[in-house]
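With the numbering used here applied, the sequence shown covers 634 to 908.
Every residue, glycine too, gets a C-beta built ideally from N, C-alpha and C.
This report refers to the structure that appears directly beneath it.
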Amino acid sequence: MKFKTTDVSKPAGEILSEVMGSSHSQLLIPPKLADENPPAQHPESDEKYIGLFSSGTTGSPKEIWNSYENLARNARFTAEVFGVKSTHRLLMMAAPWHVAGLSWGIMAEELGCEYQFITTKKGEGDKWLKNVREFKPDFLLTVPAVLRALYDEEWFVPQVVFGGYSLDEGEFQKLNPHCDFTIQGYGQTEAGGLIAAHKRKSTAPVQPFGHLCSGHPIRGVRLKCEGTPENPAPIYIQSETAFIEQEYNSRDVGFMDSLGRVYVLGRAGEIVNKK
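This is the structure:
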């Protein structure tokens, strides 16, 4: 399979245009790995594939190839569960070379939403605040690190989507005044994007374990986990948009409640604070 390495130093919108518009398979290398020589173990296929690296939360970054069609399908499923429509204005503040940011961008483009995509860099909190205030989005899609830089400022967005890792338990009290709803997303590069999501009205109390990365599986996803809060166990995932058809071990550990909501306590061997 022939592929090219996409220049991720460009603005997010240009990266999206290249990923979506090109007929070539593409590899997106995070800037922090730019000086390394990735193995590029790409699949042998005439279909268009996108190579992404799993995030730092999954240990050593791994190069994972998935078909563009799988990524686009996951983006459509994501829009469905988030409730995003073509009339909504979206502000994304994330990294477009990570699966969450790329998926959100594809979602916005496919729906024809008016959107801004800000590639986040540490220490640019003033820029993030300026964009939130001036663009006035219906949805803010971002990561906890960005939210933490904004808690003490004055702003409001009806729906705030976040993922990547969990918030601390007390953080919801800081986030609640800034939105009507929060949407937690649990996803993986291996799954092609979103796996599960949980929507919560900002005035509702945070239930026990509710601060953890958690959610109900989205369309096309089946989850298995035999853990308990006291004894978390591996989470097994089978997704229609994953890089493999078979069920796989996510390397995340957690538990599921009686309603099928999965709670992620961390990576195997690295449990987060359950309190």
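Three-way DSSP call (helix, strand, coil) for residue i in this model
{"i": "His-811", "result": "helix"}
{"i": "Trp-788", "result": "coil"}
{"i": "Ala-728", "result": "coil"}
{"i": "Ile-662", "result": "coil"}
{"i": "Val-839", "result": "coil"}
{"i": "Lys-637", "result": "strand"}
{"i": "Ser-650", "result": "helix"}
{"i": "Ile-751", "result": "strand"}
{"i": "Arg-894", "result": "coil"}
{"i": "Val-793", "result": "strand"}
{"i": "Thr-861", "result": "coil"}
Which listed residue (the options) has its alpha carbon closest to that of residue i
{"i": "Leu-783", "options": "Leu-808, Ser-799, Gly-797, Asp-801", "result": "Leu-808"}
{"i": "His-657", "options": "Pro-664, Lys-637, Leu-649", "result": "Lys-637"}
{"i": "Lys-718", "options": "Met-740, Leu-856, Glu-702", "result": "Met-740"}
{"i": "Cys-746", "options": "Thr-752, Gln-879, Gly-738", "result": "Gly-738"}
{"i": "Ile-870", "options": "Lys-834, Tyr-748, Ala-824", "result": "Ala-824"}
{"i": "Met-726", "options": "Leu-661, Met-653, Ala-708, Tyr-748", "result": "Tyr-748"}
{"i": "Thr-874", "options": "Val-652, Glu-651, Ser-693, Ile-697", "result": "Ile-697"}
{"i": "Val-779", "options": "Asn-707, Lys-760, Arg-852", "result": "Lys-760"}
{"i": "Pro-676", "options": "Leu-845, Gly-654, Asn-699", "result": "Asn-699"}
{"i": "Asp-679", "options": "Ala-708, Pro-663, Lys-635", "result": "Lys-635"}
Status (buried if at least 16 other CB within 10 Å, exposed otherwise) for residue i
{"i": "Asn-864", "result": "exposed"}
{"i": "Lys-908", "result": "Legend: pLDDT at Lys-908 = 48, less than 50; position of this residue unreliable, value from coordinates given subsequently. Under this definition Lys-908 is an exposed residue."}
{"i": "Ser-799", "result": "buried"}
{"i": "Ala-829", "result": "buried"}
{"i": "Phe-795", "result": "buried"}
{"i": "Glu-742", "result": "buried"}
{"i": "Asn-882", "result": "exposed"}
{"i": "Ala-667", "result": "exposed"}
{"i": "Pro-810", "result": "exposed"}
{"i": "Arg-855", "result": "exposed"}
Supposed contact pair residue j and residue i - C-beta distance, whole angstroms, cut 8 Å
{"i": "Arg-900", "j": "Asp-885", "result": "6 Å"}
{"i": "Pro-867", "j": "Phe-842", "result": "Contact flag wrong, Cβ pair sits at about 18 Å."}
{"i": "Lys-832", "j": "Ile-816", "result": "5 Å"}
{"i": "Val-790", "j": "Gly-848", "result": "That belief does not hold up - the Cβ atoms of Val-790 and Gly-848 are roughly 20 Å apart, past 8 Å."}
{"i": "Phe-768", "j": "Arg-722", "result": "7 Å"}
Residue i - partner residues in DSSP beta bridges
{"i": "Ala-866", "result": "Gly-887"}
{"i": "Asn-699", "result": "Ile-683"}
{"i": "Lys-832", "result": "Ile-816"}
{"i": "His-849", "result": "Ala-830"}
Below-8 Å beta-carbon distance, residue i vs any chain B residue
{"i": "Phe-876", "result": "Of the chains in the structure shown, none is chain B; there is only one protein chain."}
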